[in-house]
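J.: Position one of the sequence shown corresponds to residue 1 (UniProt numbering), numbered consecutively onward. For glycine and all other residues, C-beta sits at the position ideal for the given N, C-alpha and C.
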Amino acid sequence: MQKATCMKSKMRGRVTEIDMGEAKQGEATSHTYAIKNTYYKLSVNDRPLWEIDLLNFIYRKDGKDIVPDRIRSALGLG
């Protein structure tokens, strides 16, 4: 028997475009959205693989920070 894998994806942002399509009585409708993401986190079996937070300058891969402190320091972020 194959083991199940749990994947979670979290995203935050704002909607920049909405296309409501055409609605007709008795028919299914579809909508299209464009979203500007500011946060993304991907976890597999509760283990974080990627976390990107543009507003707080956080970039993590496998739970480890991938932006050196010297870069944050040069940008005045810590």
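1) Mapping the DSSP letters down to three states, classify SER9 as helix, strand or coil.
2) Tell me, which residues are paired with PRO48 by DSSP?
3) Shortest alpha-carbon distance to ILE58 belongs to which of GLN25, HIS31 and ARG72?
4) Name the two residues that bound the continuous beta strand (DSSP E) containing ILE71.
5) Relative to the C-alpha of ARG47, which residue among GLN2, MET1 and SER9 is closest?
T.: Short version:
1) strand
2) SER43
3) ARG72
4) Not the beta strand (DSSP E): ILE71 falls in the alpha helix (DSSP H), residues 69-74.
5) SER9
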